[in-house]
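Residues 1 to 234, numbered by full-length UniProt numbering, are exactly what the sequence shown covers, in order. Think of the CB as a built atom: it goes at the ideal place given N, C-alpha and C, for glycine as much as any other residue. Working notes, beginning with the structure itself.
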Amino acid sequence: MLKLENLSVHYGAIEALKNLSLEVHKGEIVSLIGANGAGKTTTLRTISGLERKTSGSILFQGEDLSKVSSSAIVKKGISHIPEGRRIFPKMSVEENLELGAITRKDKAQVQKDFEKAYLLFPRLLERKHQIAGTLSGGEQQMLAIARGLLSKPQLLILDEPSMGLAPIIVHEIFEIIKNINEEGTTILLVEQNANLALKISKRSYIIKTGTVETEGFSKDLLAMDEIRKAYLGG
């Protein structure tokens, strides 16, 4: 579904990504793991058109996205939930969700997807008229994910969905992510909690200084001593 080949990205003289290659197959959850500054968020932002590559290729469903605008990338089926959630705090929950579907023309199906979102996130239904900025951190994360789903993505990109959330809320969010995947949405996940990321994903890539250091099935990486010592606390 998604294939990055020898992707390099520069910020001025700084090489943020260096010949990075990875693949995400339809139906998978794939996680990217690495220390702060390793290039994880840059990878996601480049896929979704928010950063431009220096070299290499980004293929989605066989099409090169290198010169496609970020808004057109959404229409092609990629939805990016950024780090920090980035909801519209002065708008209501429902207005935020409406913006998620702004590129769609299938109004009848949009209404059904609204209902589906509220079933997936019943707390948002209770707060549909509430100003989004007054929601708790967990509720804002739910809103960000629900808004992303309303663009009807084939690939959902999640950047640090557990950041700043209480453990019980993190567990709830990750159960929802699993449900979304089981219903047919492919997921590319960046997550600071490497243990959670490895447990929820089928395959993982360990990124170090802008390139892939290790890759494999997540269950195999979980069992590797060097991975446990570096990312899982021993």
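Exposure of Arg-147, with buried meaning 16 or more beta-carbon neighbours within 10 Å: Start at 1 with the first residue of the sequence shown, and residue 147 comes out as number 147. Arg-147 should be labelled buried.
Could you please give the first and the last residue of the uninterrupted alpha helix (DSSP H) stretch that includes His-171? Counting from 1 along the sequence shown, the entry for residue 171 is found at position 171. His-171 -> alpha helix (DSSP H) spans 167-182.
List the whole-angstrom C-beta distance separating Ser-162 from Gln-192, where the pair is believed to meet the contact cut-off of C-beta under 8 Å. Locating residue 162 in the sequence shown gives position 162, where the first residue counts as 1. Locating residue 192 in the sequence shown gives position 192, where the first residue counts as 1. About 7 Å separates the two Cβ atoms, so the contact holds.
Taking a contact to mean a Cβ-Cβ separation below 8 Å, would you say Thr-134 touches Leu-155 in this structure? Position 134 of the sequence shown, counted from the first residue, corresponds to residue 134. Position 155 of the sequence shown, counted from the first residue, corresponds to residue 155. No, the Cβ-Cβ distance between Thr-134 and Leu-155 is not below 8 Å.
Bridge partner(s) assigned by DSSP for Gly-216: Along the sequence shown, read from residue 1 onward, the residue named residue 216 stands at position 216. Gly-216 pairs with Ser-204.
State the CB to CB distance for the pair Val-190 and Leu-20, rounded to an integer number of angstroms; the pair is presumed to be in contact (CB under 8 Å). The sequence position of residue 190 within the sequence shown is 190, counting from 1. The sequence position of residue 20 within the sequence shown is 20, counting from 1. Not quite, the Cβ-Cβ distance comes to about 13 Å (not below 8 Å), so this is no contact.
Considering only the beta carbon of each residue, do Ile-78 and Ile-47 sit closer than 8 Å? Stepping through the sequence shown from its first residue, residue 78 is reached at position 78. Stepping through the sequence shown from its first residue, residue 47 is reached at position 47. Going by C-beta atoms, Ile-78 is nearer than 8 Å to Ile-47.
Residues that Tyr-11 bridges to, as DSSP identifies them: Reading the sequence shown from its first residue, position 11 is the one you call residue 11. DSSP, once it has assigned bridges, lists Ile-14 as partnering Tyr-11.
Going by other Cβ atoms of all chains shown within 10 Å of its Cβ, with 16 needed for buried, is Ser-218 buried or exposed? Within the sequence shown, numbered from 1, the residue matching residue 218 stands at position 218. Result: buried.
Measuring only the C-alpha atoms, how far is Arg-86 from Ser-71? Reading the sequence shown from its first residue, position 86 is the one you call residue 86. Reading the sequence shown from its first residue, position 71 is the one you call residue 71. In a straight line, the C-alpha of Arg-86 is about 16 Å away from that of Ser-71.
Would you call the region 51-59 in contact with the region 197-216, where contact means no fewer than 3 C-beta pairs closer than 8 Å? Taking a contact to require three or more Cβ pairs closer than 8 Å, the region 51-59 and the region 197-216 do not qualify as touching.
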